[in-house]
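Take a look at the structure:
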């Protein structure tokens, strides 16, 4: 990696004390506490507000007038079938893809009119985005911290905390290209967390991840929310979203079919059953006769 001595130092950021965790919950590590105070509850500025969002690729309408409001301090699930527009919506929400129409605000800051401030508040884990895998895990996380304008001393402290928190300490000196799928997801999550964002946007964070790594990542995300952060997670696992998220939106054909608290959206049934009811497409048949053994 090239010498970064020419990069300017910036004043270390102060971090507010984490809220007292619920009884029985583990204390929230400082590294999981957003760098700025977070106001939650009625009247608070939403972590994410999307209004009239549209995106077309040629003749295909990928996102068709999406309106969505994510409360600050929530664990928000985004579910939908393949091709529903989830990834496109999240890409626009995080400033990675310019919409054809509509507005996006992160904690009151317009993503396209005030991109520097808005993006500084967001940590992103995108599905399928390649990492700089010829760096070691420690180098990769450090690089992301420096790119976000954090001084070297603060970056070094946060990287050490994240390596321990994500159980990557022994692999810190290993090239990311040699990581397993679970280790790679955890390294990408560390990169998303290193600048202490107030909003985490995660696209399929559990895909190709073993059950132990997935459980560890869930614990970390829940700790981040307890510390005052907001998480938006896109996933195909209805059971996982129902257990993990307090809010959910169901998306299909580029539109939001239902959104609200998880209990309100599932309306007394499981989230999976409610999802199938909203989206449709389930076929009730026994299959061809040659598949039956008797």
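In our numbering, the protein residues as written are 11 to 304. Glycine included, each C-beta is placed from N, C-alpha and C at the ideal position.
Please state whether DSSP places residue 234 in a helix, a strand or coil. Residue 234 sits in a helix when the DSSP states are folded into three classes.
Could you pull the start and end residues of the alpha helix (DSSP H) that residue 153 belongs to? Segment 147-157, the alpha helix (DSSP H) holding residue 153.
Uninterrupted beta strand (DSSP E) stretches inside the region 84-163 (no shorter than 3 residues): Unbroken beta strand (DSSP E) runs of no fewer than 3 residues, entirely contained in the region 84-163, are found at 85-89, 111-116, 132-135, following chain order.
Tell me where the beta strand (DSSP E) around residue 64 begins and ends. 58-67 is the span of the beta strand (DSSP E), which, as asked, contains residue 64.
Hey, how far is the Cα of residue 240 from the Cα of residue 231? C-alpha separation (whole angstroms): 9 Å.
Coarse secondary structure for residue 244, derived from DSSP in three states: In the structure shown, residue 244 falls within a strand segment according to DSSP collapsed to helix, strand and coil.
Using three-state DSSP, classify residue 79 as helix, strand or coil. Strand, per DSSP.
Supposed close pair residue 193, residue 173 - CB separation, criterion 8 Å: Cβ atoms of residue 193 and residue 173 stay farther apart than 8 Å, at about 11 Å.
Determine the burial state of residue 204: buried for a count of at least 16 other Cβ atoms within 10 Å of its Cβ, exposed for fewer. Taking every protein chain shown into account, the CB of residue 204 has 16 or more other CB atoms within 10 angstroms, so this residue is buried.
Less than 8 Å between the beta carbons of residue 153 and residue 257, yes or no? Cβ distance not < 8 Å, so residue 153 and residue 257 don't count as in contact.
To the nearest angstrom, how far is it from the Cα of residue 281 to the Cα of residue 267? Roughly 13 Å between the two C-alpha positions.
Proximity below 8 Å, CB of residue 186 to CB of residue 250: Not in contact: residue 186 and residue 250 (Cβ atoms no closer than 8 Å).
Who are the Cβ neighbours of residue 285 in its own chain at under 8 Å, not counting the five residues just before and after it? In chain order, 89, 248, 260 place their CB closer than 8 Å to the CB of residue 285, counting only its own chain and leaving out the 5 sequence neighbours on each side.
Tell me the DSSP secondary structure of residue 269 in three-state form. Looking at residue 269 - three-state DSSP - the assignment turns out to be strand.
Neighbourhood of residue 113 by C-beta, 6 Å cutoff - its chain only, sequence neighbours within 5 removed: Annotation for residue 113: 61 place their beta carbon closer than 6 Å to its own, counting only its chain and skipping 5 residues before and after.
State the DSSP-derived secondary structure class of residue 209, mapped to helix, strand or coil. Strand at residue 209.
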